[in-house]
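Contents: one structure, followed by commentary.
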Amino acid sequence: MLSRLARTIRSEALASSTSHGTRGWMSRGQMMGMAVVSMVAFLAAAALVADSVVLYLNWGQLQKSADEAALAGANYVIDSQSAATTAATTWVSNNGKTGDTPTITFPATNQIKVQIARTVPLYVHPPGIPTLPVNVTAIAAALNINGANGFQPIAVQCNGTFGSAGCPYSYCPANSSTCASTTLSGIPQANNPPPGGFVPPAWGKVNPPACGNGASSFAACVAVGVNQTFFIGQNIPTNNGNINSTEMGAINSRISSSGCSSPCSVTGNWSRVPQDPRNVLLLLVNFGSNGSSGVTITGFVSAWIQNVGTPQPHDLQVQMIQSVGGSGSGDAGGPSTGALQVKLIQ
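Residue 195 in numbering that gives the first Met the number 0 sits at position 196 of the sequence shown; the count goes up by one each step and never skips.
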């Protein structure tokens, strides 16, 4: 009886041991399978993330290229759509990747639209789709100036709306076959007229902080433009010293590098306008009865300097024109004076 009981106990113990051993082996196998599946899923997810990053980086590079290309083209859009196209495509060619394909269109006479396509290879892809296209769009426009930098430290008398009796100017639309000349008379004596006041007949010097004081500082700002942004309605200090030979010489030096001998009319030279040193951005102000303490900017005007120092030693002969003016960021949305600023609108 006892031996029979012992055999039963040994038999049950052996069965229990075998059963537990089998369950342990199956559990380890299942975990290994799950680990393999998880690893594959992780690698696939990592590859998808890598592809997403690559696509995003390419989109960012391409969008920046399209933005800059549109701005480059907008500098020329008023004067020549052909020149605007060349400027935009050249930017993409010099700053993009081989294979970037720009498409240039003109939604309006003052706008340029740049679309660029790029094919991006993928790390993980469905069968037969090893790449994906990335497409971007940018639109830039030449708009009326409300604020700018890169202007000349020269202010033109303008009391009232542009084109009114107190501001008797008009601008030539781009590519006009005829364009009137205007003589802006300077003032050699700071105290005349009237005594003790600073009231230039037509143009006078301004003295923004970025230029500094003195004739040499004025000359330096004439050469490169004022590296400071001002807006319509903002007060700007005046330079009420005598207009001397150094200052007039600076204006002469600027236009001497034009490649168009004085007197040079913008008529027939519109293709030169965007880059020619004769094309300058001037301020419109009202000197009032005494502008010695500063004047308020009422607008900006683009001017083509035809000649300097004729008929009087301090005179400027100019043609007011429609053109992009200034050399840096400002703001658009000002009055219609012909002076334009490029700006991204999409």
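Just so it is clear, CB atoms sit at the ideal spot from N, CA and C, and this is done for glycine as well.
Status (buried if at least 16 other CB within 10 Å, exposed otherwise) for residue i
i: residue 281; result: buried
i: residue 170; result: buried
i: residue 245; result: exposed
i: residue 110; result: buried
i: residue 130; result: exposed
i: residue 301; result: buried
i: residue 214; result: buried
i: residue 52; result: exposed
i: residue 91; result: buried
i: residue 292; result: exposed
i: residue 128; result: exposed
i: residue 238; result: buried
i: residue 249; result: buried
i: residue 212; result: exposed
i: residue 56; result: exposed
Through-space distance from residue j to residue i, alpha-carbon basis
i: residue 184; j: residue 115; result: 49 Å
i: residue 230; j: residue 325; result: 12 Å
i: residue 342; j: residue 96; result: 25 Å
i: residue 84; j: residue 103; result: 6 Å
i: residue 338; j: residue 119; result: 41 Å
i: residue 228; j: residue 330; result: 9 Å
i: residue 296; j: residue 162; result: 16 Å
i: residue 286; j: residue 199; result: 7 Å
i: residue 61; j: residue 135; result: 7 Å
i: residue 317; j: residue 277; result: 9 Å
i: residue 273; j: residue 333; result: 20 Å
i: residue 177; j: residue 269; result: 11 Å
i: residue 175; j: residue 132; result: 43 Å
i: residue 251; j: residue 336; result: 25 Å
i: residue 305; j: residue 321; result: 15 Å
i: residue 340; j: residue 107; result: 16 Å
i: residue 195; j: residue 65; result: With a pLDDT of 47 at residue 195, under the threshold of 50, the predicted position of this residue should be treated as unreliable, and no value is reported.
i: residue 101; j: residue 81; result: 14 Å
i: residue 242; j: residue 309; result: 14 Å
i: residue 201; j: residue 155; result: 6 Å
i: residue 159; j: residue 224; result: 26 Å
Cross-strand partners of residue i (DSSP beta bridge)
i: residue 322; result: 338
i: residue 202; result: 155
i: residue 314; result: 184
i: residue 303; result: 278, 318
i: residue 296; result: 284
As an exercise, report each continuous beta strand (DSSP E) stretch of at least 3 residues that is fully enclosed by the segment 116 to 197, in chain order.
130 to 147, 153 to 156, 181 to 184
Taking only runs of the beta strand (DSSP E) that begin and end inside the segment 90 to 117, which ones reach a length of at least 3 residues, in chain order?
100 to 104
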